[in-house]
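Read top to bottom, the protein sequences are chains P and X.
Every letter in the first sequence is one number past the one before it in numbering that gives the first Met the number 0, and letter 76, counting from 1, is 75.
Every letter in the second sequence is one number past the one before it in numbering that gives the first Met the number 0, and letter 17, counting from 1, is 16.
Positions of the beta carbon are idealized from the N, C-alpha and C atoms, including for glycine.
Step one of this worksheet: look at the structure below.
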Amino acid sequence: MVGGSETVDLRDLRSAGALMLAAAFALPVLPGHPGLPCPLRTLTGVPCPLCGMTTSVEETVHGHLDAALAANPAGVLAVAAALVLLVCRPTTLVVSRVVAIAALGAMWAFELHRFGFV
Amino acid sequence: MSDFTPIPTAGPSGPRASFGSRLVAFVLDGIIVGIVNLILTRLSRPLGEVGGTLVSLAYFTYFFGSPSGQTIGMRALGIRVYDFTRGGPIGYGRGFARWLGYIVSGIPCFLGFFWALWDKEKQTWADKIATTVVVPVSAYPVQP
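This is the structure:
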């Protein structure tokens, strides 16, 4: 069922947010600047909704918002969400399934446009 | 705890392994499989390319389907794969399905693995495909 909402336990997301921010600071200074290549794009050439997120999060934490927004606007939101989780420490969040699916769809449309598919 | 009946609540229906422990276990397993693949590739590049997939398949299918439901990484972190509907081990057939679920989970920028971060039962897509959950051994001990 697509409609309705989901109550999300945010403890794991808080840990993942901290890890994401740490990785965003650490990855650019590591030898070879490692990243996470998208398997879908590697195999087919077609980007997925999360393509550009590593770049976007890295650029956001280094203050390069233009580059972050160009790679994937959701990266800026992910950094903001991680900061809220770490500072305000909410425990649960009610998420609308329709909004979540629409957000993923918008991210995918953005990436398909960025790579010239639409 | 062999009887395992999910109870409909806002949170998970029982104790679940944290995302962090699952991530560390996955990294440990990746290192083990990676070392074997590296050795195979050094012996012969074609053997490494074909053998790499087979090593991964054999490793994860065997350990997911084993009576403990633990890979080496999971054993180190004190977590195990558990049948979501009936409890206990899942067998090698569903262990293979769960390995296939790893591939499916990884294709869209690993979204299927991140799914455990917000899923009510902390299930990845691999868990959903094989109808499993990952639980702490302290709450669901391995039967001797």
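Discussion item. Counting only beta-carbon separations shorter than 8 Å, does P/D65 have a partner in chain X?
Written reply: Stepping through the first sequence from its first residue, residue 65 of chain P is reached at position 66. No, P/D65 lies away from the interface with chain X (no Cβ there is under 8 Å from its Cβ).
Discussion item. Suppose the cutoff is 6 Å on Cβ atoms and the five residues either side in sequence are ignored; what does the same chain contact list for P/T59 look like?
Written reply: In the first sequence, counting from the first residue as 1, residue 59 of chain P sits at position 60. The residues are A67, G74, V75, V78.
Worksheet item: Does P/A15 come within less than 8 Å of chain X when only Cβ atoms are used?
Response: Taking the first sequence and counting its residues from 1, the one referred to as residue 15 of chain P is at position 16. Yes - at least one Cβ of chain X is within 8 Å of the one on P/A15.
Worksheet item: Which of the three DSSP states, helix, strand or coil, is assigned to P/L9?
Response: Start at 1 with the first residue of the first sequence, and residue 9 of chain P comes out as number 10. Looking at P/L9 - three-state DSSP - the assignment turns out to be coil, as it is neither helix nor strand.
Discussion item. So, with DSSP's three-state summary, where would you put X/P135?
Written reply: For the purposes of this step, residue 135 of chain X is taken as residue 136 along the second sequence, with counting starting at 1. Strand.
Fill in: Segment limits, alpha helix (DSSP H) that includes X/I34
Numbered from its first residue, the second sequence carries residue 34 of chain X at position 35. It spans 18–42 - the alpha helix (DSSP H) in which X/I34 sits, taken as one unbroken run.
Worksheet item: Leaving out the 5 sequence neighbours to the left and right, which residues in its chain are closer than 8 Å to P/P89 when beta-carbon positions are compared?
Response: Within the first sequence, numbered from 1, the residue matching residue 89 of chain P stands at position 90. The answer, listed in chain order, is L9, V83.
Worksheet entry | Candidates X/G92, X/P140, X/G111, of which the one nearest X/Y101 by Cα | Taking the first residue of the second sequence as position 1, residue 101 of chain X is located at position 102. Selected option, being the one with the closest Cα: X/G111.
Practice prompt. Kindly indicate which three-state DSSP category P/S4 falls into: helix, strand or coil?
Written response: Residue 4 of chain P sits at position 5 when you count from the first residue of the first sequence. Residue state, collapsed to three classes: strand.
Fill in: Interface partners of X/W98 on chain P, CB under 9 Å
The residue you call residue 98 of chain X lines up with position 99 of the second sequence. By Cβ distance, chain P contributes nothing, its closest Cβ being about 15 Å from X/W98, past 9 Å.
Item to complete: Output yes or no for whether 8 Å exceeds the beta carbon distance between P/T53 and P/L35.
Response: In the first sequence, residue 53 of chain P corresponds to position 54, counting from 1. In the first sequence, residue 35 of chain P corresponds to position 36, counting from 1. Result yes, Cβ atoms of P/T53 and P/L35 sit closer than 8 Å.
Worksheet item: Would X/F59 pass as a contact of X/T70 if the rule is Cβ separation under 8 Å?
Response: Against the second sequence, residue 59 of chain X aligns to sequence position 60. Against the second sequence, residue 70 of chain X aligns to sequence position 71. Going by C-beta atoms, X/F59 is nearer than 8 Å to X/T70.
Worksheet item: What do you get for X/Q122, buried or exposed, if any count of 16 or more other CB atoms within 10 angstroms of its CB means buried?
Response: For the purposes of this step, residue 122 of chain X is identified with residue 123 of the second sequence, where counting begins at 1. X/Q122 counts as buried, since no fewer than 16 other beta carbons sit within 10 angstroms of its beta carbon.
Fill in: Proximity below 8 Å, CB of X/I146 to CB of X/V103
Nothing in the structure corresponds to residue 146 of chain X, since chain X is present only between 0 and 143.
Worksheet item: Which value, in whole angstroms, describes the spacing of the CA atoms of P/S4 and X/W117?
Response: Here the question's residue 4 of chain P lines up with position 5 in the first sequence. Here the question's residue 117 of chain X lines up with position 118 in the second sequence. Going by the C-alpha atoms only, they are around 12 Å apart.
Worksheet item: Thinking C-alpha only, which one of X/I78, X/I128, X/S20, X/A57 is nearest X/I96?
Response: Taking the second sequence and counting its residues from 1, one reaches residue 96 of chain X at position 97. Residue identity differs from the one stated: residue 96 of chain X is Ala in this sequence, not Ile. Looking at the Cα atoms, X/I128 is the closest of the given residues.
Worksheet item: By the 10 Å Cβ neighbour count, where 16 or more other Cβ atoms means buried, how is P/L85 classified, buried or exposed?
Response: Residue numbering aside, residue 85 of chain P sits at position 86 when the first sequence is read from its first letter. P/L85 should be labelled exposed.
Discussion item. Mapping the DSSP letters down to three states, classify X/T123 as helix, strand or coil.
Written reply: What you label residue 123 of chain X is simply residue 124 of the second sequence in a count that begins at 1. Coil, per DSSP.
Worksheet item: By how many angstroms is the C-alpha of X/V134 removed from the C-alpha of X/I78?
Response: Within the second sequence, residue 78 of chain X is the residue found at index 79, counting from 1. Within the second sequence, residue 134 of chain X is the residue found at index 135, counting from 1. Cα-Cα distance, rounded: 6 Å.
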